[in-house]
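Undergrad: First the structure, which I've put down as C-alpha cells, then a few questions once you've had a look.
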Amino acid sequence: MPVHPDLAAFLELAELGRLSGATRALHELPVDQAREVFEQASDILDPTPPGDLQVTAHQVQLDDGQVLAARLYRPQGAQGALPVIFYLHGGGYVVGSLDSHDSICRRLAADGRFAVFAPAYRRAPEHPFPGPLDDVRGAANWLAGQAQALQLDVGRVIFAGDSVGASLATVLAIIAAREPERLQLQPKGQLLLYPVTDISHERASHQRYAEGYLLETETLRWFYQQYLGTSGRADDWRVSPLLQGDLSGLAPAYLAVAEYDPLFDEGLAYAQALREQGNALTLQVAEGLTHDFLRMSGMVEEVGAIYAGLLDWASARVA
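1 is the number of the first residue of the sequence shown in full-length UniProt numbering; add one for each residue after it.
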C-alpha cells in the first residue's frame, strides 16, 4: 500500500528541509550532533506519551565496575511481582538513548500487564563491538539479581527492542538458549521490531528504500562502521544474528517489519530462518509505515493497534 498519508506529509517536510539545506542526514553530522537531532525527533513523533506511571531511575552495576543508567516503568497502582519486558532501545548503536525511547517504554507499561525495564548501554564509536552487547548482557544479569527487590517476576520476562535494540535482544535470546551459564534470564518470548539481522551484505530493500523513508541506507553504513570499529566483523553472528547457523530452540518471537524500510528484506529473511528451524513465530508487516514506527504514536493513529497486538502476544507468552 502507499505510505500512510500522515507519515507521507512528514517525509515530504523532511525532504524539503534536506533540499533547502536546513537539515542534514544523520551520517552527515558529527556524532554528538546526530545524537541531538535523533533525540529532538522524539518530541515530534510522540509528544504526549502516557504520564500516569511509576517511573524510577536505577544504576546498574556491571562486573567490570562500570555503571549504567536504567529506568523501570510500572503501571500506576500495580501490586505484586509483575512480568517484565526487558527493553533495549534502537539507534544504530550510535544514537538513541533512554530519553529517545521513553515514549515506547511508557506505552508498553501503560497497558497495565507488564513492567518495563530499560537499561542504557554505552554507544559507538566510543564503545564499539562488543561493548553494547556486553553491557546489555550485564544489565540482564543485574536485573535477575535485583528482581525480588524491584517486585519483578523475571521467570516471566520478554526480551524486546527496536532496530539494533531488537538485534541485541535476539542475540541475548540465542545466548540464553546456547550458553545459559552466561545469562541468568530465560525469556518467554522475543519482541523484535524492525531488527537489524545481517549487516554483512545489502539486500534489495536497501536500494529500494535507500533515501526518502526516514532511515537511509547510507546512515546504516555509517552506523555499522562506527559499531564495528577495529574489533568487529560484519559476519560475526553477534552482529548479524541471521548468520548464526543454529537458531533452533529459541524463545517464541514476534517479529515486525515496516513496509518502507531498508531493513525490510533482512527482517523477512530472519523470520524465515526462525520458522525453518522450528521456532514459534508471529510475523507482522506494518504496511504503509517506515522504520521507527513505534515512536510515531503521536503522528500515526494506527500505531496504537500495533502496540495492542504485540502486547496481547507478549501477555499470552507469560500467562
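Idealized CB from N, CA, C, for every residue including glycine.
Measure the C-alpha to C-alpha separation of Gln244 and Asp198 and round it to an integer number of angstroms.
TA: One-based indexing of the sequence shown puts residue 244 at position 244. One-based indexing of the sequence shown puts residue 198 at position 198. The straight-line gap from Cα to Cα measures roughly 10 Å.
Undergrad: Inspect the beta-carbon positions of Glu218 and Ala25 and report whether they are closer than 8 Å.
TA: What you label residue 218 is simply residue 218 of the sequence shown in a count that begins at 1. What you label residue 25 is simply residue 25 of the sequence shown in a count that begins at 1. The answer is yes: Cβ separation under 8 Å.
Undergrad: Three-state secondary structure (DSSP) at residue 326?
TA: Lying outside 1 to 319, the shown extent of the chain, residue 326 is not represented and no answer is given.
Undergrad: What's the gap between the Cα of Ala280 and the Cα of Thr23?
TA: Counted from its first residue, the sequence shown places residue 280 at position 280. Counted from its first residue, the sequence shown places residue 23 at position 23. Their backbone Cα atoms lie some 43 Å apart in a straight line.
Undergrad: To which residues does DSSP link Val157 through a beta bridge?
TA: Residue numbering aside, residue 157 sits at position 157 when the sequence shown is read from its first letter. Val157 is bridged to Val84.
Undergrad: Whose CA, out of Phe86, Leu191, Glu216 and Arg71, lies closest to the CA of Glu53?
TA: On the sequence shown, position 53 is the one that residue 53 refers to. The amino acid at residue 53 is misidentified as Glu; the sequence shows Leu. Of the listed residues, the one whose Cα sits closest to Leu53 is Arg71.
Undergrad: State whether the segment 106-114 contacts the segment 29-44, with contact taken as three or more CB pairs (one from each stretch) at a distance under 8 Å.
TA: As far as the Cβ criterion goes, the segment 106-114 does not touch the segment 29-44, which means the pair count is below three.
Undergrad: Grouping DSSP H, G and I as helix and E and B as strand, with all else coil, what is Tyr209?
TA: Position 209 of the sequence shown, counted from the start, is the residue given in the question as residue 209. Residue state, collapsed to three classes: coil.
Undergrad: Name the DSSP bridge partner or partners of Gln61?
TA: To locate residue 61, count along the sequence shown from 1; it is residue 61. Bridge partners of Gln61: Val67.
Undergrad: So for Asp265, helix, strand or coil by DSSP?
TA: One-based indexing of the sequence shown puts residue 265 at position 265. Residue state, collapsed to three classes: helix.
Undergrad: Measuring straight from C-alpha to C-alpha, what distance separates Gln66 and Trp222?
TA: Position 66 of the sequence shown, counting from 1, holds the residue named residue 66. Position 222 of the sequence shown, counting from 1, holds the residue named residue 222. Their Cα atoms are separated by approximately 27 Å.
Undergrad: From this set, Ser240, Glu266 and Val300, which residue's C-alpha is nearest Leu133's C-alpha?
TA: As a first step, residue 133 is located in the sequence shown; it is residue number 133 there, counting from the start. Out of Ser240, Glu266 and Val300, Ser240 has the C-alpha closest to the C-alpha of Leu133.
Undergrad: For Met296, count neighbouring C-beta atoms within 10 Å of its own C-beta (all shown protein chains included) and say buried if the count is 16 or more, exposed if not.
TA: Working through the sequence shown from its first residue, we reach residue 296 at position 296. Buried, because 16 or more other Cβ atoms sit within 10 Å of the Cβ of Met296.
Undergrad: Here's the rule: buried if 16 or more other CB atoms are within 10 angstroms of the residue's CB, otherwise exposed. What is Asp103?
TA: Looking up residue 103 in the sequence shown gives position 103. Note that residue 103 corresponds to Ser in the displayed sequence, not to Asp. Buried: at least 16 other Cβ atoms inside 10 Å.
Undergrad: Is it buried or exposed, Asp64, if we count other Cβ atoms within 10 angstroms and call 16 or more buried?
TA: Your numbering for residue 64 matches position 64 in the sequence shown. By the neighbour-count rule (16 or more Cβ atoms within 10 Å), Asp64 is not buried but exposed.
Undergrad: Tell me whether Asp32 is buried or exposed, calling it buried when 16 or more other Cβ atoms sit within 10 Å of its Cβ.
TA: For the purposes of this step, residue 32 is taken as residue 32 along the sequence shown, with counting starting at 1. Burial call: exposed.
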